[in-house]
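Its first residue numbered 3, the sequence shown is counted upward by one per residue in full-length UniProt numbering. Glycine residues also receive a C-beta, built at the ideal position from the N, C-alpha and C atoms. Predicted model only: the values in this text are computed from it and were never measured.
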Amino acid sequence: TAPRKKVLVFRELPPDQLERIRAVHDVTVANPRKPEQLSRFDEALPSAHGLIGSSYPVDADLLARAASLEVISSVSVGVDNYALPALRERGILLCHTPGVLTETTADTIFALIMATSRRLVELALHVREGRWDRNIGEDLYGWDVHGKTLGIIGFGRIGQAVARRAALGFNMRVLYSGRRDAEAPGLEGKATRVTMEALLAGSDIVVLTLPLTEDTRGLIGRSELQAMKPGAILVNGARGAIVQEDALLDALNAGQLRAAGLDVFASEPLPLASPLRLHPRITALPHIGSATHETRHGMAELATTNLLQALAGERPTALYPLG
Ligand code: 8YV
């Protein structure tokens, strides 16, 4: 039988997946975000052959302490919190969980499109706080989603799933920008690739579904927001740092933008003092893109499979291409 190896789990896993690892390897569970578990994490790191993480930053310093590391298996599709050059230099495998979370994340993004366009959170509070004392007047009307133009920046799996919802479910015109040119399955002739300038100028709602990289950090700033249609809506289901948040606040306060739906923020959890949290025209969610019981279990299952395969010397199901 293959030798038992040491695995450090620092992202909560469901018991059934933890048992899959414990059956063949020696597991330490320690969340470095919890002060009472940090010393256990630090002690286990140097001898760990495999890590299971998620959004916790795995920088070059942490990797330098992981002297025995062979593979990191992330319970996430985004990998911007990993020091990719250091992983590449060390020949450490990085696995992630694409695919399994695509539809759920697209659902969340579409929920934000509906919530911002139809002012759902604001109006639900209107009822909950006992202010519904007469028929809703024009001052509380929302705006239609169906038939509008949706601009998707980042046309990968999640962006294409959002496009299918828009074009096939809501009769929307879909524009997209990004590296991919191929028509997405089910969208033949229903999504048009345009420049980002044309997308910003032509979209009623702009959705961000691109990865955070050094090229996309701060991509949506003052000039991009000013290039958007007056009264447009911005929805970010990607990573907070793609948007310059001070410019977003200025665009909302100047009435340039109608609303913003944000599931991600430059700093998470969103600090209590952040003006984004209580802004009347921002619908803020706590990074729940993939956060359903079914999908998070599916992500944990795939991450566990990736780890077991890598430690057994097999090619993992979802290897991130480090180049
Ligand atoms: C979070 C996500 O990673 O998959 C991603 O990239 O943004 C989410 O699924 C979450 O931290 C998963 O644990």
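Problem - Touch test, the segment 12-25 against the segment 295-310, Cβ-Cβ under 8 angstroms, three pairs minimum - result: The count of Cβ pairs closer than 8 angstroms, one atom from the segment 12-25 and one from the segment 295-310, reaches three, so the stretches are in contact.
Handout entry: Collapsed DSSP secondary structure at S70 in the structure displayed
Key = Reduced to three states, the DSSP call for S70 is coil.
Exercise for the section: Ignoring anything shorter than 4 residues or poking outside the segment 81-129, list the alpha helix (DSSP H) runs there in chain order. Expected result: Those alpha helix (DSSP H) runs which fall completely within the segment 81-129 and span 4+ residues are 86-92, 104-119.
Problem - Best match in N33, F157, S49, Y322 for proximity to L210 [C-alpha to C-alpha] - result: Among N33, F157, S49, Y322, the Cα nearest to that of L210 belongs to F157.
Practice task
Give the single residue among L89, E270, H27, G242 whose Cα lies nearest to the Cα of L214.
Solution key: Of the candidates L89, E270, H27, G242, the one whose C-alpha sits nearest the C-alpha of L214 is G242.
Exercise for the section: Using only the heavy atoms of the ligand 8YV, determine whether one of them is closer than 8 angstroms to the beta carbon of V164. Expected result: It does not: the Cβ of V164 is nowhere closer than 8 angstroms to a heavy atom of the ligand 8YV.
Practice task
Below 6 angstroms CB to CB, which residues in the same chain sit around C97 once its five sequence neighbours on both sides are set aside?
Solution key: Once the five neighbours on either side are set aside, the close Cβ partners of C97 are S75, N308, P318, A320, L321.
Handout entry: Contact set for E199: own chain, Cβ-Cβ below 8 angstroms, skip 5 residues either direction
Key = Excluding positions up to five away in sequence, the list reads A229.
Practice task
Helix, strand or coil for A261, going by three-state DSSP, please let me know.
Solution key: Annotated three-state conformation of A261 is strand, per DSSP.
Handout entry: Boundaries of the beta strand (DSSP E) in which S179 is found, first to last residue
Key = Counted as a single uninterrupted DSSP element, the beta strand (DSSP E) harbouring S179 occupies residues 175-179.
Exercise for the section: Could you tell me if the beta carbon of A293 falls within a distance shorter than 8 angstroms of some heavy atom in the ligand 8YV? Expected result: Yes, the beta carbon of A293 sits closer than 8 angstroms to at least one heavy atom of the ligand 8YV.
Handout entry: Contiguous beta strand (DSSP E) assignments of at least 3 residues, all confined to the segment 195-222
Key = DSSP runs (the beta strand (DSSP E)) wholly in the segment 195-222: 207-210.
Practice task
Kindly confirm or deny that the segment 291-300 and the segment 107-127 touch, where touching means at least three C-beta pairs closer than 8 angstroms.
Solution key: Output reads yes: the segment 107-127 touches the segment 291-300.
Problem - Bounding residues of the beta strand (DSSP E) (the contiguous stretch that carries G291) - result: Run containing G291: none; DSSP gives neither H nor E here.
Problem - Residue interval of the beta strand (DSSP E) (run including V31) - result: Its beta strand (DSSP E) spans residues 28-31.
Handout entry: Boundaries (first-last residue) of the beta strand (DSSP E) holding N137
Key = First-last for N137: undefined, no H or E at that position.
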